[in-house]
Amino acid sequence: MAQKIEMIRRFFPNGILPDWQKLSAKSRLDEIDITNLYLLVYLEIEPKFPSHFLRRNGRRRAAILTRFLLEKILNTTPEKILREKDELFFVRHKLKNVYRYFHYSTNRVLGNAYPDLIPPWLNSRIKSNFWDDQKNRIAAIHWLVENRLGYRPEAIYRMPLNKKSFAENGLSYMFNRYYNSVPRALRAAYPDLKPWELGNTPSSFWTTEHAAEAVRWLVNKKGWRPEELPQKVRTKEFTRKTFSEHGLATLFEKKFHKNIFQAVNAAWPNRFKPWQFGKVPTDYWCDERNIFEASQWIAEREGYTGTKIVSAIRNRELTFEIFSKYSIGSVLRKISRGQIEKIFTPLFWAEYLNFLQERMLLRKIKQQKTTLRKTNFLYLLLYGFFFRTVQQSSTELDARYERIARRIKRRSVLYGD
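Note that this note's numbering gives residue 650 to position 313 of the sequence shown, counting from 1, and the numbers run on in steps of one.
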């Protein structure tokens with residue numbers, strides 16, 4: 338009795354009870370009318386609901402009554418009621434008519450009131466052909482991942498989802514019959530996700546192409562541009578942990594041997610250099626080609642390319658003081674023992690070879706000029722009237738040879754000629 342009095346005070350604080358006789362079960366009832374009528378029955382002020390109460394808008398009225406009982410009267414959840422498996426629950430709480438309306442199925446009563454929380458397969462038998470429909474299977478997987486376990490689809494790779502997860506949530510038969518593999522089930526439900534977003538992937542999956550695609554996906558997922566990656570490594574934003582947080586730890590460790598440069602180079606071949614991503618192995622500098630390439634890389638960033646590098650070194654515009662601005666500068670200085678010309682030997686040697694070629698050309702020019710002078714008399718005999726025209730052409734050619742010779746002589750000063 339005390340409990341009933343407390344409920345009357347809670348739901349009817351003014352002490353005035355509604356007159357249900359003015360309500361007709363055949364008319365459209367507002368939610369407040371439905372819940373007030375239920376309170377009168379629940380408090381045993383009225384013996385039962387009006388006849389044929391659920392005949393009109395039965396599912397709507399049943400849902401309102403069910404939610405009111407659980408949320409306002411009992412302050413409980415539908416999941417808890419379903420777990421308790423109390424077949425007399427709705428009878429005891431004066432909703433036998435609702436229970437009968439859904440063929441005495443607790444799951445169906447709760448599922449009608451909470452369709453997003455209580456699916457038809459949870460603690461309940463369903464029709465044998467229910468799972469033949471792919472839409473039902475996909476809906477079940479979405480419910481398990483997003484509603485039951487509370488994961489966003491793009492974060493599935495972080496989820497400890499396994500066969501037991503399906504069994505504990507009434508999906509054992511569906512899982513075993515149609516998938517028998519967690520990644521296979523997830524691929525069916527989330528076809529837009531990448532394979533590595535769906536859990537562990539076999540080692541055989543990680544071909545060069547797939548590995549490169551995964552690295553590009555990761556960088557895009559972080560909202561980074563490729564050119565920002567060296568800086569992200571220096572600030573320790575891009576580390577092994579970055580791969581691990583996105584389900585790519587195995588890829589990073591097994592395919593790329595825990596080497597960020599290898600990962601980046603797979604995604605963007607030849608776009609970056611190893612030293613842009615931290616220290617390189619000591620044996621890397623045993624190859625003179627690597628030393629020369631690294632030195633050229635610094636020179637290019639200082640605005641010097643090709644033959645301009647040699648001139649910049651001679652004019653002391655490119656020195657080891659300049660190199661010290663870069664992480665590999667000290668290594669290159671140590672390797673060359675402070676002689677910057679040594680690491681640029683290929684360029685100096687190329688210039689010297691060019692000098693030798695020009696010397697040979699200079700000798701040929703001298704020979705050609707001598708030949709031209711000796712042939713003037715021969716031209717007079719051969720061309721007669723046209724001698725002046727031929728002589729002018731010969732003079733122009735001689736002047737051109739002279740200009741080339743002067744340029745070669747100026748450059749020859751570098752080699753003590």
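Using N, Cα and C, we set each Cβ at its ideal position, and we do this for glycine too. Because the structure is a prediction, the values reported are computed rather than measured.
Just checking my contact of residue 380 with residue 345 at CB under 8 Å: how many whole Å lie between their CB atoms? Here residue 380 refers to the residue found at position 43 of the sequence shown. Here residue 345 refers to the residue found at position 8 of the sequence shown. The Cβ separation is near 7 Å, so the contact holds.
Between 668, 484, 614, 389, which has its C-alpha nearest residue 361's C-alpha? Numbered from its first residue, the sequence shown carries residue 361 at position 24. The candidate whose alpha carbon is nearest that of residue 361 is 389.
For residue 599, which residues in the same chain have their Cβ closer than 7 Å to its Cβ, ignoring the five residues on either side in sequence? The count along the sequence shown starts at 1 and reaches residue 599 at position 262. If we look at residue 599 and ignore the five residues flanking it on each side, its Cβ neighbours are 593.
Please list, in chain order, all residues of the same chain as residue 718 whose beta carbon is under 8 Å from its beta carbon, the five residues on each side excluded. The count along the sequence shown starts at 1 and reaches residue 718 at position 381. Confidence at residue 718 is low in this model, with a pLDDT of 47, below 50, so the placement of that residue should be treated as unreliable; the coordinate-derived value is given next. There are no such residues.
Where in the segment 443–508 do unbroken runs of the beta strand (DSSP E), each at least 3 residues long, occur, reported from the N-terminal end onward? none
Taking just the CA atoms, how far does residue 449 sit from residue 416? Counting from 1 along the sequence shown, the entry for residue 416 is found at position 79. Counting from 1 along the sequence shown, the entry for residue 449 is found at position 112. Going from the Cα of residue 416 to the Cα of residue 449 covers about 13 Å.
Contact check, residue 494 vs residue 555, beta carbons under 8 Å: Sequence index remark: in the sequence shown, residue 494 carries index 157 (1-based). Sequence index remark: in the sequence shown, residue 555 carries index 218 (1-based). Cβ distance not < 8 Å, so residue 494 and residue 555 don't count as in contact.
Please report the straight-line C-alpha distance between residue 660 and residue 635, rounded to a whole angstrom. Your numbering for residue 660 matches position 323 in the sequence shown. Your numbering for residue 635 matches position 298 in the sequence shown. Computed Cα separation, rounded: 7 Å.
CA-CA distance, residue 679 and residue 625? As a working mapping, residue 679 is identified with position 342 in the sequence shown. As a working mapping, residue 625 is identified with position 288 in the sequence shown. The straight-line gap from Cα to Cα measures roughly 11 Å.
With DSSP run on the structure shown, which of helix, strand or coil describes residue 593? Taking the sequence shown and counting its residues from 1, one reaches residue 593 at position 256. Three-state DSSP puts residue 593 in coil, outside helix and strand.
For a test of the three-state rule: what should DSSP assign to residue 643, helix, strand or coil? Counting from one through the sequence shown, the residue named residue 643 turns up at place 306. It is coil, neither helix nor strand.
Could you say if the segment 542–559 and the segment 508–525 meet the contact criterion of at least three C-beta pairs nearer than 8 Å? no
Grab me the residues of residue 540's own chain with a C-beta within less than 7 Å of its C-beta, minus the 5 sequence neighbours each way, in chain order. The count along the sequence shown starts at 1 and reaches residue 540 at position 203. The answer, listed in chain order, is 591.
If we ignore side chains and look at the alpha-carbon of each, how far apart do residue 342 and residue 382 end up? For the purposes of this step, residue 342 is taken as residue 5 along the sequence shown, with counting starting at 1. For the purposes of this step, residue 382 is taken as residue 45 along the sequence shown, with counting starting at 1. Distance between the alpha carbons of residue 342 and residue 382: 12 Å.
For residue 542, count neighbouring Cβ atoms within 10 angstroms of its own Cβ and tell me buried if that reaches 16, exposed if not. Within the sequence shown, numbered from 1, the residue matching residue 542 stands at position 205. Label assigned to residue 542: exposed.
Could you spell out the range, first to last residue, of the alpha helix (DSSP H) harbouring residue 554? Here the question's residue 554 lines up with position 217 in the sequence shown. Looking at the DSSP string, the run of the alpha helix (DSSP H) that includes residue 554 is 545–558.
Is it right to say residue 338 is buried, meaning 16 or more other beta carbons lie within 10 angstroms of its own, or is it exposed? For the purposes of this step, residue 338 is taken as residue 1 along the sequence shown, with counting starting at 1. So residue 338 counts as exposed.
Give the secondary structure of residue 654 by DSSP, where H, G and I count as helix, E and B as strand, and everything else as coil. What you label residue 654 is simply residue 317 of the sequence shown in a count that begins at 1. Looking at residue 654 - three-state DSSP - the assignment turns out to be coil, as it is neither helix nor strand.
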